[in-house]
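Visitor: One structure is given below, represented as structure tokens, and several questions about it will come after.
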Amino acid sequence: MSADPIHDHDGRADFLAALLASAHRQVGTAVIDRIAAQGGVPELRDPDLALARMLWSAHRATGAEVAERLNRDKAVVDGRRSRRSSQRMTDPGPLAGRLAWVRLKHRREALRLAHTYWPTDFTALIRDALTTLGELAELVEADELYAEDPWEEIIRITLLLERQLSGITLPTPRELARSDQLGTDYLTEVEQFLDSHVGPLQQDLDNAQRFLEGELVSRLDISEPDAESLLGADMVVQDLAEDLEQAQGKAQTLRLVVAAVERASSDFVGEDLSRANLDDIPLKGVRWDAGTTWPDEWEAWIRQASRPAGGEEGVLIVASEPHSSVVSADA
33 MSADPIHDHD
43 GRADFLAALL
53 ASAHRQVGTA
63 VIDRIAAQGG
73 VPELRDPDLA
83 LARMLWSAHR
93 ATGAEVAERL
103 NRDKAVVDGR
113 RSRRSSQRMT
123 DPGPLAGRLA
133 WVRLKHRREA
143 LRLAHTYWPT
153 DFTALIRDAL
163 TTLGELAELV
173 EADELYAEDP
183 WEEIIRITLL
193 LERQLSGITL
203 PTPRELARSD
213 QLGTDYLTEV
223 EQFLDSHVGP
233 LQQDLDNAQR
243 FLEGELVSRL
253 DISEPDAESL
263 LGADMVVQDL
273 AEDLEQAQGK
283 AQTLRLVVAA
293 VERASSDFVG
303 EDLSRANLDD
313 IPLKGVRWDA
323 GTTWPDEWEA
333 WIRQASRPAG
343 GEEGVLIVAS
353 EPHSSVVSAD
363 A
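Quick note on the working numbering: the sequence shown kicks off at 33 and runs consecutively.
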């Protein structure tokens with residue numbers, strides 16, 4: 033079998049990125065060691081200032097190149113993940129194995145649970161925190177090399193990061209409590225399916241919060257700031273970034289799980305619902321087709337209330353307002 037040129041290119045790119053990252057770390061280490069050997073940040077004389085600026089310039093240039101390459105790689109990976117996610121979301125997930133009338137009967141409560149577990153875009157909130165952390169990293173790295181200490185900005189960004197992390201609130205069991213009712217075995221399965229992906233995400237967020245408060249804030253010593261407190265802070269920032277990136281990946285997984293619950297509660301293409309009791313069942317958003325069998329007394333109304341689902345031939349979706357004319361599921 034011939035070599036895969038794409039993989040070969042990826043290998044060379046990975047090697048170059050690793051080489052640049054290594055150079056970036058070595059320059060940073062040399063600068064920190066030089067400062068530490070002198071007992072802290074010295075009063076810079078002209079030759080020292082020139083050397084410090086040269087080292088900082090090299091450090092910043094290699095760091096920018098590494099960041100750019102990582103961002104490009106991340107964009108490619110995110111694109112691949114997005115395509116895989118779209119493919120996976122076409123599958124309703126494990127809940128699709130339950131009887132259609134059971135899924136429809138408990139549709140309202142299942143959708144409520146899905147919304148409870150995804151009240152906002154957690155991936156966007158974590159991404160904002162990562163952006164703030166990146167700004168803090170730039171300040172910390174710059175301040176290790178210059179006598180001017182931008183402490184006011186460092187403190188502002190650190191406090192902003194604390195607020196961002198504390199503002200990411202995941203659901204708790206108390207919020208998910210519900211009254212006993214028939215069919216709770218299905219709803220319990222829905223809740224367990226969702227909850228199994230919340231725990232790992234919460235753990236990563238808790239770790240990041242503790243790391244921020246216990247390592248980064250204490251190292252920066254905001255109450256009595258000085259340049260020496262920044263030594264090694266860039267490594268703490270990097271560790272915190274890794275925790276948040278892991279949390280973001282788990283948040284993306286939770287989003288897919290929520291989408292699977294929503295799809296299992298709304299996708300009834302080809303299902304037999306002829307004996308389902310549709311009284312008090314929210315039908316807006318339900319997808320169906322010519323193979324779906326409705327109760328006789330409901331079929332005409334549902335046809336009038338439906339419109340074609342965009343991009344899916346032969347599939348209809350129940351709209352909020354009935355249409356004046358009947359739409360054929362075979363259209």
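Note that the Cβ used here is the ideal one computed from N, Cα and C, for glycine as well.
For Thr164, count neighbouring C-beta atoms within 10 Å of its own C-beta (all shown protein chains included) and say buried if the count is 16 or more, exposed if not.
Guide: For the purposes of this step, residue 164 is taken as the residue at position 132 of the sequence shown. Buried, by the Cβ-count rule.
Visitor: Once DSSP output is grouped into helix, strand and coil, what is the label at Val290?
Guide: The residue labelled residue 290 in the question sits at position 258 within the sequence shown. In this structure, Val290 counts as helix in the three-state DSSP scheme.
Visitor: Grouping DSSP H, G and I as helix and E and B as strand, with all else coil, what is Arg339?
Guide: Working through the sequence shown from its first residue, we reach residue 339 at position 307. Arg339: strand per DSSP, three-state reduction.
Visitor: Assign Ala313 to one of three DSSP states: helix, strand, or coil.
Guide: Counted from its first residue, the sequence shown places residue 313 at position 281. The amino acid occupying residue 313 in the given sequence is Ile; Ala does not appear at that position. If DSSP states are grouped into helix, strand and coil, Ile313 belongs with coil.
Visitor: Note down, in chain order, each residue of its chain lying with its Cβ closer than 7 Å to the Cβ of Val350, except the 5 sequence neighbours on either side.
Guide: By one-based count along the sequence shown, residue 350 stands at place 318. The answer, listed in chain order, is Leu315, Lys316, Gly317, Val318, Ile334, Ala337 and Ser338.
Visitor: Under 8 Å: do the region 271–284 and the region 238–250 share three or more Cβ pairs, one atom per stretch?
Guide: yes
Visitor: Judging by CA-CA distance, which residue of Trp320, Thr204, Pro327 and Thr325 is the nearest neighbour of Pro340?
Guide: As a first step, residue 340 is located in the sequence shown; it is residue number 308 there, counting from the start. Of the listed residues, the one whose Cα sits closest to Pro340 is Trp320.
Visitor: In this structure, what does DSSP give as the bridge partners for Asp304?
Guide: Here residue 304 corresponds to residue number 272 of the sequence shown, with the count starting at 1. DSSP, once it has assigned bridges, lists Thr325 as partnering Asp304.
Visitor: Inspect the beta-carbon positions of Val293 and Ala132 and report whether they are closer than 8 Å.
Guide: Translated into positions along the sequence shown, residue 293 becomes position 261. Translated into positions along the sequence shown, residue 132 becomes position 100. Cβ distance not < 8 Å, so Val293 and Ala132 don't count as in contact.
Visitor: Count the other CB atoms, across all protein chains shown, that sit within 10 Å of the CB of Glu344; report buried if there are 16 or more and exposed otherwise.
Guide: Residue numbering aside, residue 344 sits at position 312 when the sequence shown is read from its first letter. Under this definition Glu344 is an exposed residue.
Visitor: Tell me which same chain residues have a C-beta within less than 6 Å of the C-beta of Leu127, skipping the five on either side of it?
Guide: To locate residue 127, count along the sequence shown from 1; it is residue 95. The answer, listed in chain order, is Ala296.
Visitor: Would you tell me roughly how many angstroms separate the C-alpha atoms of Ala308 and Gly342, rounded to the nearest one?
Guide: For the purposes of this step, residue 308 is taken as residue 276 along the sequence shown, with counting starting at 1. For the purposes of this step, residue 342 is taken as residue 310 along the sequence shown, with counting starting at 1. The straight-line gap separating the alpha-carbon atoms of Ala308 and Gly342 is approximately 27 Å.
Visitor: Indicate whether Thr155 and Arg287 have their beta-carbon atoms separated by less than 8 Å.
Guide: Position 123 of the sequence shown, counted from the first residue, corresponds to residue 155. Position 255 of the sequence shown, counted from the first residue, corresponds to residue 287. Result yes, Cβ atoms of Thr155 and Arg287 sit closer than 8 Å.
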